[in-house]
Amino acid sequence: MTGSADRPIQLAVENINLRFGGVMALGGLGFSVHQGEIFSIIGPNGAGKTSMLNCISGRYQPQRGTITFEGHDVTHRPSAARARLGIARTFQNIALYKGMTVLDNILIGRHIHMKSGLFRGGLYFGPCQKEEIEHRRFVEDIVDFLEIEHIRKRIVGTLAYGLQKRVELARALALNPKLILLDEPMAGMNLEETEDMVRFIMDINQERGITVILVEHDMGVVMDISDRLVVLNFGEKIGEGTPEEVQAAPEVIKAYLGGEQSVFLGR
Amino acid sequence: MSVSHCGDFKETYRDDMKVFQTPFVRVAVGLFVLLLYTTPLFSSNYVTSTMTTIAIAVIGALGINIVTGFTGQISLGQGAFMGVGAFSCSYFMRVAHLPFWVAMPAAGLTAAAIGMIFGLPSARLKGLYLAIATLAAQFILQYVFMHLDAVTGGSNGIPSPPPEIGSFAFDGDRSKYYLTLTMAIGAVAFTTNLLRSRNGRAFIAVRDHHLSAEIMGVNLFKYRLISFSVSAFYAGIAGSLWGVYTGYISAEHFMIDESIKYLAMIIIGGLGSVIGSILGAIFMTLLPQALTVGTGALASIFPKIGFLIMSFKDGVFGIIIILFLIFEPDGLAHRWRMIKAYWKLYPFSY
Ligand SMILES: Nc1ncnc2c1ncn2[C@@H]1O[C@H](COP(=O)(O)OP(=O)(O)O)[C@@H](O)[C@H]1O
Ligand SMILES: [Mg+2]
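Residue numbers (this note's numbering), protein chains in the order written: chain U, 1 to 267; chain Y, 1 to 350.
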């Protein structure tokens, strides 16, 4: 046991209702994420995991419910404002800037921390150059950390899928976030890439002290590295707790009976 | 002897971030600029005057490339924004008695303000719908040019006084050329710098993936508006210089065909490319002139069908543009990069 539940609550999600026409994507969902946790959201396809991350990052606005981050009610704040508060994310389907280099993609993560306006930028030499170098240094640390030095000048659209996922993680880290939302970071990766990604997530959490909300289908990984998790089915919570508690919960087992059980509950 | 690096062994980030990466490129660019400044000394007034119009087109094309090529917001109003610049520069000089050096930036800012207003629909509209909205801007401004007689002279047009430094007036072909060339080089440098720093990255992020740009804290509405107004600012400067070049400005020059010409420049030159803006401006300025010369020559050989051939000119113009879109969809800038890559490795093709 890690005892993460004793730490202060960083993100409180209460009674979230999200509908798309007749489809109830999230029905009264609530949970709390504590400072410094790895918190996972699991459930079958279409359960509402991505929708939940979208509500937290500001892509979707729920019809009912509140989301509180470090004491701020962010439920109806624009995404950009949440980025400034320290919420970063990656996407299930890669959402990079395809025409830009790896470095420039990651530097977008520094956007809110930089100041140069149009005029300074156009003149470049002087304060703007100083700022660019300073933030380049910050970004190079992340590049080293994620072991993508060899591709830093490549155009992102030309990279292999696994590398693009890594660049997306780098971009999110460049924001210097307090909370990072990862939507299926291991999907489509081979074993070696998956192992690297697990190592990065653990380091992000332990060395950088960033809270992680993880959506992932690889149950081996989820049960290994999560402090706590929630289980969703059709937009509703059917289980919550530590990996051990969730694996023993009768509703969870009931929802994943039969052949699926072994797949869902891990190795 | 090697003239360019094959590897990437920069010692500092400052070196790594330089625009011209090798001494060879720096020298080549320096010599090219020197050539541009000395051309009038050994060429005809016709050449000097053509190069002046190219320099003006480069500034306008850089502007529309910022909004359309780099930020991904289509604009069909660049011609009208040039008109705003030209008329307001002339107005500030004639009526407010400001020197050109104050009137030109003021005209740029006027165009930028109006560009920002007409950029407002970009908050809600995309693609073709935004194109139609900017087309509306074009027609509204055209109407204003024709009817705001006090400022624009209506359908008669209005004089545009020459810039002066002390008792020296920029009214000769050469002095006008030097002025516009210097402004164009300044615009190229400013744009290059803008695009390699914070705001430029934000523009491209908005173009490539607006949702994830917003999630990273880039304010979409702000950057779309900024791109429209920066683009119009360039148009305003280009328009002011057009006034200097012709000495007399009239609304006909700032109609929809001018806007389409600028859009064609960046499509042919290369969307989202500074070099492409330059190449497109050169191409679209020289093509009609080459066609005039070419069809003129043909007409003198076949005098009987001469008139027919001359009237084919616009058709040929259109066909060349269509062929370009089919065979060089990434623009001249792409071809330019291929040639550069080829020479870098020459004589090895791998
Ligand atoms: N933008 C949207 N428009 C309409 N329906 C949506 C939208 N986003 C999600 N949904 C629906 O909400 C439900 C949950 O989807 P999602 O959150 O993507 O699930 P998961 O990530 O768990 O696979 C699905 O039924 C999906 O079709
Ligand atoms: Mg999903």
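Backbone N, C-alpha and C define an ideal beta-carbon position, used for all residues, glycine too.
Which residue comes first and which comes last in the beta strand (DSSP E) that contains residue i?
i	result
glutamate 149(U)	Element bounds for glutamate 149(U): n/a, residue is neither H nor E.
histidine 97(Y)	Counting along the chain, histidine 97(Y) falls outside any beta strand (DSSP E), and DSSP gives it neither H nor E.
phenylalanine 139(Y)	Unbroken run through phenylalanine 139(Y) is the alpha helix (DSSP H), 127-147; no beta strand (DSSP E).
methionine 271(U)	One cannot answer for residue 271(U) here, as it falls past the ends of chain U, which runs 1 to 267.
glycine 65(U)	64-69
glycine 241(U)	236-241
Can you check whether the C-beta of residue i is within less than 8 Å of a C-beta belonging to chain U?
i	result
glycine 154(Y)	no
valine 218(Y)	yes
arginine 201(Y)	yes
phenylalanine 190(Y)	yes
glutamate 11(Y)	no
serine 250(Y)	no
asparagine 193(Y)	yes
isoleucine 204(Y)	yes
aspartate 330(Y)	no
valine 230(Y)	yes
glycine 362(Y)	Summary: the structure shown does not reach residue 362(Y), with chain Y confined to residues 1 through 350, and so no result is reported for it.
isoleucine 278(Y)	no
serine 197(Y)	yes
isoleucine 215(Y)	yes
histidine 209(Y)	yes
methionine 17(Y)	yes
glycine 30(Y)	no
Check for me: the alpha helix (DSSP H) holding residue i runs from which residue to which?
i	result
threonine 390(Y)	Since the first residue shown for chain Y is 1 and the last is 350, residue 390(Y) is missing from the structure and cannot be characterised.
phenylalanine 221(Y)	220-246
threonine 193(U)	According to the sequence shown, residue 193(U) is glutamate rather than threonine. Run containing glutamate 193(U): 191-206, per the alpha helix (DSSP H) assignment.
isoleucine 339(Y)	332-345
valine 231(U)	Premise fails: valine 231(U) lies in the beta strand (DSSP E), 228-233, not in any alpha helix (DSSP H).
arginine 201(Y)	198-208
threonine 295(Y)	274-301
phenylalanine 119(U)	118-123
glutamine 273(U)	Lying outside 1 to 267, the shown extent of chain U, residue 273(U) is not represented and no answer is given.
threonine 50(U)	49-57
asparagine 105(U)	102-107
lysine 115(U)	Lysine 115(U) -> no alpha helix (DSSP H), and no H or E assigned at all.
leucine 323(Y)	313-327
glycine 269(Y)	256-269
proline 250(U)	250-255
aspartate 15(Y)	13-16
I'd like to know whether the C-beta of residue i is nearer than 8 Å to at least one C-beta of chain Y.
i	result
isoleucine 133(U)	yes
tyrosine 97(U)	yes
serine 116(U)	yes
leucine 11(U)	no
isoleucine 204(U)	no
isoleucine 151(U)	no
methionine 100(U)	yes
phenylalanine 145(U)	no
serine 4(U)	no
arginine 19(U)	no
tyrosine 60(U)	no
glycine 109(U)	yes
cysteine 128(U)	yes
serine 79(U)	yes
Using DSSP bridges, identify the partner residues of residue i.
i	result
valine 215(U)	Ile41(U), Asp183(U)
glutamate 164(Y)	Ala169(Y)
alanine 88(U)	Ile180(U)
proline 360(Y)	Any property of residue 360(Y) remains undetermined from this structure, which presents chain Y solely from 1 to 350.
leucine 34(Y)	Paired residues: none, contrary to the question.
phenylalanine 20(U)	Val23(U)
alanine 12(U)	Ser32(U), Thr68(U)
proline 159(Y)	Tyr248(Y)
aspartate 73(U)	Thr68(U)
Shell residues, 6 Å Cβ cut-off relative to heavy atoms of ligand 1: Those residues that have a beta carbon less than 6 Å away from any non-hydrogen atom of ligand 1 are, in order along the chain, Phe20(U), Val23(U), Ala25(U), Gly43(U), Asn45(U), Gly46(U), Ala47(U), Gly48(U), Lys49(U), Thr50(U), Ser51(U).
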